[in-house]
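Trainee:
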Amino acid sequence: MPTLTKERFGTTTDGQDVDRFTLQNKNGMVTKLISYGAGVSELWVRDKNGKPVNVVLGFDTVQPYETRPTPYFGCTVGRYANRIAEAKFSHGGKEYQLNANDGSHTLHGGLNGLSHRVWKSELLPGDSGVRFQISSPDGDEGFPGNLAVSVTFSLTDENELCIDYVATTDQTTPVNLTNHCYFNLEGAGNGTVHDHTVQINAESFIPVNSAYVPTGEIGAVKETPMDFNQPKRIGQDFNKVPGGYDHTYVLRTKPGELTEAARVSAPGSGISLCMLTTEPGVQLYTSNFLDGTITGIGGVYKKHGALCLEAQHFPDSVHHNHFPNVLLEPDETYKQTTVYRFDLL
Ligand code: BGC
Numbered sequence: 146m147p148t149l150t151k152e153r154f155g156t157t158t159d160g161q162d163v164d165r166f167t168l169q170n171k172n173g174m175v176t177k178l179i180s181y182g183a184g185v186s187e188l189w190v191r192d193k194n195g196k197p198v199n200v201v202l203g204f205d206t207v208q209p210y211e212t213r214p215t216p217y218f219g220c221t222v223g224r225y226a227n228r229i230a231e232a233k234f235s236h237g238g239k240e241y242q243l244n245a246n247d248g249s250h251t252l253h254g255g256l257n258g259l260s261h262r263v264w265k266s267e268l269l270p271g272d273s274g275v276r277f278q279i280s281s282p283d284g285d286e287g288f289p290g291n292l293a294v295s296v297t298f299s300l301t302d303e304n305e306l307c308i309d310y311v312a313t314t315d316q317t318t319p320v321n322l323t324n325h326c327y328f329n330l331e332g333a334g335n336g337t338v339h340d341h342t343v344q345i346n347a348e349s350f351i352p353v354n355s356a357y358v359p360t361g362e363i364g365a366v367k368e369t370p371m372d373f374n375q376p377k378r379i380g381q382d383f384n385k386v387p388g389g390y391d392h393t394y395v396l397r398t399k400p401g402e403l404t405e406a407a408r409v410s411a412p413g414s415g416i417s418l419c420m421l422t423t424e425p426g427v428q429l430y431t432s433n434f435l436d437g438t439i440t441g442i443g444g445v446y447k448k449h450g451a452l453c454l455e456a457q458h459f460p461d462s463v464h465h466n467h468f469p470n471v472l473l474e475p476d477e478t479y480k481q482t483t484v485y486r487f488d489l490l
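Throughout the sequence shown, residue numbering follows this note's numbering, covering 146 to 490 in sequence.
#1: Under 8 Å between the Cβ atoms of residue 308 and residue 329?
#2: Sorry if obvious, but does the Cβ on residue 455 come closer than 7 Å to a heavy atom of the ligand BGC?
#3: State whether the stretch 220-227 contacts the stretch 235-255, with contact taken as three or more CB pairs (one from each stretch) at a distance under 8 Å.
#4: Measuring CA to CA, which of 355, 234, 210 and 173 is closest to residue 441?
#5: Can you find the residues in the same chain that come closer than 7 Å, C-beta to C-beta, to residue 240, ignoring five residues on each side of it along the sequence?
#6: Any idea what DSSP makes of residue 462, helix, strand or coil?
#7: Span of the alpha helix (DSSP H) holding residue 211?
#8: Whole beta strand (DSSP E) runs in the stretch 247-293 with 3 or more residues, listed along the chain?
#9: Residues bridged to residue 233 by DSSP?
#10: Is the stretch 419-426 touching the stretch 445-458, taking contact as three or more C-beta pairs under 8 Å?
#11: Look up residue 381 in the DSSP assignment and say whether it is helix, strand or coil.
#12: How would you call residue 164, buried or exposed, if buried means at least 16 neighbouring beta carbons within 10 angstroms?
#13: Should residue 431 go down as buried or exposed, given a rule of 16 or more other Cβ atoms within 10 Å for buried?
#14: In terms of DSSP beta bridges, what is residue 486 paired with?
#15: Nearer than 7 Å: is that true of the beta carbon of residue 391 relative to any heavy atom of the ligand BGC?
#16: Ends of the beta strand (DSSP E) at residue 315?
#17: For residue 274, tell me which candidate among 344, 428, 159 and 302 has the shortest Cα-Cα distance.
#18: Please name the residue or residues paired with residue 179 in a DSSP beta bridge.
#19: Thinking C-alpha only, which one of 355, 342 and 368 is nearest residue 349?
#20: Classify residue 470 as helix, strand or coil using the three-state DSSP reduction.
#21: Can you tell me whether DSSP reads residue 351 as helix, strand or coil?
#22: So, with DSSP's three-state summary, where would you put residue 391?
#23: Please state whether DSSP places residue 295 in a helix, a strand or coil.
#24: Using 7 Å as the cut-off, classify the Cβ of residue 428 as near or not near the heavy atoms of the ligand BGC, replying yes or no.
#25: Residue 155 lies in the beta strand (DSSP E); which residues open and close that run?
#26: Could you check the C-alpha separation between residue 289 and residue 243 for me, to the nearest Å?
#27: At a cut-off of 7 Å, would you count residue 216 as near the ligand BGC, judging by its Cβ distance to the nearest heavy atom?
#28: How should residue 331 be labelled, buried or exposed, when 16 other C-beta atoms within 10 angstroms of its C-beta is the threshold for buried?
#29: What are the boundary residues of the beta strand (DSSP E) that residue 453 is part of?
#30: Relative to the ligand BGC, is the shortest distance from any of its heavy atoms to the C-beta of residue 227 smaller than 7 Å?
#31: Which residues bound the beta strand (DSSP E) around residue 375?
#32: Got a sec? Which residues, its chain only, sit under 6 Å from residue 200 by beta carbon, not counting five neighbours each side?
#33: At the level of alpha carbons, what is the spacing between residue 376 and residue 158?
#34: For residue 441, which three-state DSSP category applies?
#35: Taking 8 Å as the threshold, find out whether the stretch 393-407 comes into contact with the stretch 171-181 through three or more Cβ pairs.
Here you go:
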């Protein structure tokens with residue numbers, strides 16, 4: 146049975162209390178969850194020598210989580226993960242203007258997305274996890290409908306961090322939630338992830354333009370640097386992908402079925418990560434915009450100092466009818482499950 150403790154993490158600059166929860170399983174795997182952004186601030190996994198290693202980038206105070214622009218370390222991202230082009234979309238004959246926070250585009254839900262709010266929290270029965278809840282009002286960041294979101298984190302004795310999302314709305318609205326953990330399986334702040342081996346179960350990906358907005362094509366990965374069907378050292382083709390990886394992979398998942406999406410491992414620690422999700426896509430982002438100016442738990446966070454595997458629908462789906470639907474209707478319930486399972490090589 147896991148153990149769970151709750152403590153005061155700190156206070157936001159506008160005076161809201163933020164809690165931190167420490168959840169530990171019988172193997173000594175520990176995750177720390179914070180109510181600011183419903184995020185994972187630490188994740189301790191044992192390496193091949195039995196030593197605990199914190200494998201996610203994060204902070205031990207509230208303030209650095211509040212900054213903008215932000216790297217979104219470990220947080221829940223919404224209402225819409227990744228970009229919506231030109232910060233607008235149309236539905237039912239009406240155009241909705243969103244807040245732009247990435248040039249003229251909306252990134253990760255806008256200026257004040259769900260990653261930058263204090264969520265309500267409750268402990269799950271048996272101390273198996275924590276549920277965070279938030280109500281996003283009609284018009285929030287420009288999105289229509291009152292949206293109720295809950296994100297539940299639990300830890301199993303099989304070393305799985307499970308994340309379950311549920312959302313409902315009272316008006317048709319786009320919803321695309323994800324978790325934005327930055328993984329470095331050699332330890333947060335311990336160099337780059339160039340030597341991590343990555344495998345992704347995807348034959349295609351979503352090509353983007355220079356502003357990281359989808360062109361609308363679905364690209365084949367075969368015989369390109371984008372191909373991770375066979376395990377590959379991630380640094381191998383870095384110089385062939387301008388800026389580094391920041392692309393959505395189209396997974397071989399059946400809608401709503403929990404399927405293995407990706408595997409990552411690190412040679413030094415021997416830690417390996419298997420990611421499973423019900424989502425149709427995963428964003429591989431190799432922390433291309435980190436530049437060594439941020440210091441967090443474990444040290445300095447360098448360019449390519451971590452990688453994100455963000456389970457999600459495709460970016461900018463509201464402008465591409467051939468992408469899977471992201472519009473949530475009032476009589477529907479949005480559901481997503483994503484699991485990060487840790488093991489040794
Ligand atoms: C996006 C990047 C973005 C980063 C922000 C990722 O999910 O794909 O383009 O810069 O988040 O930290």
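Yeah, the Cβ is synthetic: ideal placement off N, Cα and C, and Gly gets one too.
Mentor: Here's the rundown:
#1: Counting from one through the sequence shown, the residue named residue 308 turns up at place 163. Counting from one through the sequence shown, the residue named residue 329 turns up at place 184. No, they are not a contact pair.
#2: Position 310 of the sequence shown holds residue 455. Yes; taking the cut-off as 7 Å, the Cβ of residue 455 has a heavy atom of the ligand BGC nearer than that.
#3: yes
#4: Numbered from its first residue, the sequence shown carries residue 441 at position 296. Ranking the options by Cα distance to residue 441, first place goes to 210.
#5: Locating residue 240 in the sequence shown gives position 95, where the first residue counts as 1. If we look at residue 240 and ignore the five residues flanking it on each side, its Cβ neighbours are 233.
#6: The residue labelled residue 462 in the question sits at position 317 within the sequence shown. Residue 462 falls in the helix class under three-state DSSP.
#7: Your numbering for residue 211 matches position 66 in the sequence shown. Taken as a continuous stretch (DSSP letters only), the alpha helix (DSSP H) holding residue 211 covers 208-211.
#8: 265-268 and 274-281
#9: Here residue 233 refers to the residue found at position 88 when the sequence shown is read from its first residue. Residue 233 pairs with 242.
#10: yes
#11: Position 236 of the sequence shown, counted from the start, is the residue given in the question as residue 381. If DSSP states are grouped into helix, strand and coil, residue 381 belongs with the helices.
#12: The residue given as residue 164 occupies position 19 in the sequence shown. Residue 164 is buried by the Cβ-count criterion.
#13: For the purposes of this step, residue 431 is taken as residue 286 along the sequence shown, with counting starting at 1. Its Cβ being crowded by 16 or more others within 10 Å, residue 431 is buried.
#14: Translated into the one-based positions of the sequence shown, residue 486 becomes position 341. 305 and 419.
#15: Translated into the one-based positions of the sequence shown, residue 391 becomes position 246. Yes, since a heavy atom of the ligand BGC falls inside the 7 Å radius drawn around the Cβ of residue 391.
#16: In the sequence shown, counting from the first residue as 1, residue 315 sits at position 170. Careful: residue 315 lies outside any beta strand (DSSP E) and carries neither H nor E.
#17: If you number the sequence shown from 1, residue 274 lands on position 129. Checked all of 344, 428, 159 and 302; the closest Cα to residue 274 is 302.
#18: Stepping through the sequence shown from its first residue, residue 179 is reached at position 34. DSSP lists 165 and 184 as partners of residue 179.
#19: For this step, residue 349 is matched to residue 204 along the sequence shown. The option with the nearest alpha carbon to residue 349 is 368.
#20: Within the sequence shown, the letter at position 325 stands for residue 470. Here residue 470 sits in coil by DSSP.
#21: Numbered from 1 along the sequence shown, position 206 holds the residue referred to as residue 351. Strand at residue 351.
#22: Counting from 1 along the sequence shown, the entry for residue 391 is found at position 246. Residue state, collapsed to three classes: strand.
#23: Here the question's residue 295 lines up with position 150 in the sequence shown. Three-state DSSP puts residue 295 in a strand.
#24: Translated into positions along the sequence shown, residue 428 becomes position 283. True, at least one ligand heavy atom lies under 7 Å from that Cβ.
#25: The count along the sequence shown starts at 1 and reaches residue 155 at position 10. That run of the beta strand (DSSP E) goes 148-156.
#26: Within the sequence shown, the letter at position 144 stands for residue 289. Within the sequence shown, the letter at position 98 stands for residue 243. One C-alpha to the other measures close to 10 Å.
#27: Walking along the sequence shown from the start, residue 216 turns up at place 71. Checking the Cβ of residue 216 against the ligand BGC gives yes.
#28: Taking the first residue of the sequence shown as position 1, residue 331 is located at position 186. Buried, since its Cβ has 16 or more Cβ neighbours within 10 Å.
#29: Along the sequence shown, read from residue 1 onward, the residue named residue 453 stands at position 308. Unbroken beta strand (DSSP E) run through residue 453: 452-457.
#30: Position 82 of the sequence shown, counted from the first residue, corresponds to residue 227. At least one heavy atom of the ligand BGC is nearer than 7 Å to the Cβ of residue 227, so yes.
#31: For this step, residue 375 is matched to residue 230 along the sequence shown. Run containing residue 375: none; DSSP gives neither H nor E here.
#32: The residue given as residue 200 occupies position 55 in the sequence shown. Within the same chain, residue 200 has close Cβ partners 188, 190, 328 and 330.
#33: The sequence position of residue 376 within the sequence shown is 231, counting from 1. The sequence position of residue 158 within the sequence shown is 13, counting from 1. Spanning the two alpha carbons is a distance of roughly 44 Å.
#34: Here residue 441 refers to the residue found at position 296 of the sequence shown. If DSSP states are grouped into helix, strand and coil, residue 441 belongs with the strands.
#35: no
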